[in-house]
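Heads up: the sequence shown runs through residues 890 to 1166, numbered per our numbering.
Below is one structure, written out as structure tokens, with a few remarks after it.
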Amino acid sequence: MSESNRLPVSSPQSQENKTFLSMLNNVLNTDGYYFCTDFDLTHTLQRLANTSPDFQEMSLLERADQRFVWNGNLLRELAAQPELHRFALPVVHGFIFMKPCRINGKVFEWILISRRSCFRAGVRYYVRGIDSEGHAANFVETEQIVLYEGAKASFVQTRGSMPFYWSQRPNLKYKPKPIISKTVKHIDGFQRHFDSQVLIYGKQTILNLVNQKGSEKPLEQAFAKITSEMGNGLLNYIAFDFHKECSHMRWDRLQILVDAVDWCSECWPEDRGAGGV
């Protein structure tokens, strides 16, 4: 959307209406909000490929993944009126990029979609950790899609704040010291978070890139400890001190990490219209 305009339905317009219109225009002019009239942006291609015909027949409003619907409150009243569903389009917040590519003479379409969760979103430092429902701060689902000669491939990753109770309130220091809560039971929220992750995405490889020294060391240790306490065979925890391993431009050290997560790229099934992704 490059421009928007509003026509008054009555005159004179009150100062309140001007304020509301200013707020609305501010949102419409903010980058990162997307909607689509004929494609479900709230679900990955993987999830859509494994849904039933009945699900495919539902309106975008009915079947939307509520984690990524940023105008959910505005749409709530419309949800009870099926005749209005075609006017109710979920809005996602994140990033979408599409580009035709050519490698070794093969032309394909590369698509990158990042969906930011509307649960526990906030500014860096002010919002960290998880809430009681297991929602991780600034959670993002990123999907890479490759379209080639009718085939489709989708690879999905998620990221979020470390899913236990900790804070990092801003102060005059360049990098405030993280504080891990000592008054709550971390494993409860942690388990809610990963129960949801496993249900939606399946087996998890947890990749932690924080420093394993200094103020970040207790965070890494807490993450490893809670994961071990859960004893869930579907969780594979990997700690990789990125700054240490790749210091002095030693990017070849990334191969250690690539080898550790190699199983994630073993299977890229394709969809040519009949099968699943």
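Idealized CB from N, CA, C, for every residue including glycine.
From a predicted model like this one, the values you see are computed outputs, not experimental measurements.
Check whether R956 and E905 have beta carbons under 9 Å apart: Counting from one through the sequence shown, the residue named residue 956 turns up at place 67. Counting from one through the sequence shown, the residue named residue 905 turns up at place 16. In this structure, E905 does not lie closer than 9 Å to R956 by Cβ.
Taking DSSP as the reference, what is the three-state secondary structure of W1152? For this step, residue 1152 is matched to residue 263 along the sequence shown. Here W1152 sits in helix by DSSP.
Leaving aside the five residues before and after L1143 along the sequence, list all residues of the same chain whose C-beta is less than 7 Å from its C-beta, in chain order. For the purposes of this step, residue 1143 is taken as the residue at position 254 of the sequence shown. Cβ neighbours of L1143 beyond the five flanking positions: C1135.
Rounded to the nearest angstrom, how far is the Cβ of M1051 from that of L1096, given a contact under 8 Å? Residue mapping note: residue 1051 aligns to position 162 of the sequence shown, counting from 1. Residue mapping note: residue 1096 aligns to position 207 of the sequence shown, counting from 1. Contact flag wrong, Cβ pair sits at about 11 Å.
Between K1106 and S893, what straight-line distance do the alpha-carbon atoms span, to the nearest angstrom? Here residue 1106 is taken as the residue at index 217 of the sequence shown, counted from 1. Here residue 893 is taken as the residue at index 4 of the sequence shown, counted from 1. The straight-line gap from Cα to Cα measures roughly 49 Å.
Quick one: what's got a C-beta closer than 6 Å to I1034's C-beta in the same chain, skipping five residues either side? As a working note, residue 1034 is residue 145 in the sequence shown. Contacts found: L934, I1000 and S1043.
Whether or not the stretch 978 to 994 and the stretch 918 to 934 are in contact is what I'm after, with contact meaning three or more pairs of Cβ atoms, one per stretch, closer than 8 Å; do they touch? yes
Could you pull the start and end residues of the beta strand (DSSP E) that N1097 belongs to? Residue mapping note: residue 1097 aligns to position 208 of the sequence shown, counting from 1. In this chain, the beta strand (DSSP E) harbouring N1097 covers Q1093 to N1097.
Please return the same chain residues whose Cβ sits closer than 7 Å to the Cβ of P989, not counting the five positions on each side in sequence. As a position in the sequence shown, residue 989 is number 100, starting the count at 1. For P989, where only same-chain residues beyond five positions count, the Cβ hits under 7 Å are V996 and E998.
Check whether the stretch 958 to 978 and the stretch 1073 to 1084 touch, using three or more Cβ-Cβ pairs below 8 Å as the test. Because the criterion of three Cβ pairs below 8 Å is not met, the stretch 958 to 978 and the stretch 1073 to 1084 do not touch.
Would you please state the rounded distance, in angstroms, between the beta carbons of H1132 and N1100? I believe it to be under 8 Å. Locating residue 1132 in the sequence shown gives position 243, where the first residue counts as 1. Locating residue 1100 in the sequence shown gives position 211, where the first residue counts as 1. So it is a contact: roughly 6 Å between Cβ atoms.
Express the C-alpha separation of N993 and W1055 in angstroms, rounding to a whole number. Translated into the one-based positions of the sequence shown, residue 1055 becomes position 166. Translated into the one-based positions of the sequence shown, residue 993 becomes position 104. Computed Cα separation, rounded: 48 Å.
Leaving out the 5 sequence neighbours to the left and right, which residues in its chain are closer than 8 Å to A1026 when beta-carbon positions are compared? Working through the sequence shown from its first residue, we reach residue 1026 at position 137. If we look at A1026 and ignore the five residues flanking it on each side, its Cβ neighbours are R1009, A1010, G1011, V1016, R1017, G1018, I1019, G1049 and S1050.
In whole angstroms, give me the CA-to-CA distance for V1150 and L1123. By one-based count along the sequence shown, residue 1150 stands at place 261. By one-based count along the sequence shown, residue 1123 stands at place 234. Their backbone Cα atoms lie some 14 Å apart in a straight line.
I959, buried or exposed, once every other Cβ within 10 Å from all chains shown has been counted against 16: Within the sequence shown, the letter at position 70 stands for residue 959. Note on identity: in this sequence residue 959 is Trp, with Ile being the wrong assignment. W959 comes out buried.
Counting only runs that start and end within the stretch 1072 to 1149, where is the alpha helix (DSSP H) found for 4 or more residues in a row? 1075 to 1090, 1106 to 1119, 1131 to 1134 and 1143 to 1149
Rank R1004, K907 and P1065 by C-alpha distance to the C-alpha of F1028 and give the top, closest one. Here residue 1028 is taken as the residue at index 139 of the sequence shown, counted from 1. The shortest C-alpha separation from F1028 is found at R1004.
Proximity below 9 Å, CB of Y1014 to CB of V1045: Position 125 of the sequence shown, counting from 1, holds the residue named residue 1014. Position 156 of the sequence shown, counting from 1, holds the residue named residue 1045. Contact flag unset, no.
Compare the C-alpha of N962 against each of M987, R952, G921 and C1007 and name the closest. By one-based count along the sequence shown, residue 962 stands at place 73. Checked all of M987, R952, G921 and C1007; the closest Cα to N962 is C1007.
Per DSSP, which residues does C990 bridge with? Please list them. On the sequence shown, residue 990 is found 101 positions in, with the first residue counted as 1. DSSP, once it has assigned bridges, lists F997 as partnering C990.
Excluding the five sequence neighbours on either side, which residues of its own chain have a C-beta within less than 6 Å of the C-beta of I1068, listed in chain order? The residue you call residue 1068 lines up with position 179 of the sequence shown. If we look at I1068 and ignore the five residues flanking it on each side, its Cβ neighbours are S1056.
On a Cα-Cα basis, can you pick out the residue from R965, I985 and A977 that is closest to D920? As a position in the sequence shown, residue 920 is number 31, starting the count at 1. Checking every option, the nearest Cα to that of D920 belongs to I985.
Contact check, F889 vs F1053, beta carbons under 9 Å: It is not possible to answer for residue 889, since the shown part of the chain is limited to 890 through 1166.
Considering just the uninterrupted stretch of the beta strand (DSSP E) at L1036, what are its terminal residues? As a first step, residue 1036 must be located in the sequence shown, where it is residue number 147. Taken as a continuous stretch (DSSP letters only), the beta strand (DSSP E) holding L1036 covers V1029 to Y1037.
Would the beta-carbon of L967 fall within 9 Å of that of A953? Walking along the sequence shown from the start, residue 967 turns up at place 78. Walking along the sequence shown from the start, residue 953 turns up at place 64. Contact flag unset, no.
L950: buried (16+ other C-beta within 10 angstroms of its C-beta) or exposed? Numbered from its first residue, the sequence shown carries residue 950 at position 61. That one is buried.
Is the Cβ-Cβ distance between D1077 and S1021 less than 9 Å? In the sequence shown, the residue the question calls residue 1077 occupies position 188. In the sequence shown, the residue the question calls residue 1021 occupies position 132. Yes; because the gap between Cβ atoms is below 9 Å, this pair is in contact.
Do G1023 and F1079 have their beta-carbon atoms positioned less than 9 Å apart in this structure? Walking along the sequence shown from the start, residue 1079 turns up at place 190. Walking along the sequence shown from the start, residue 1023 turns up at place 134. Yes; because the gap between Cβ atoms is below 9 Å, this pair is in contact.
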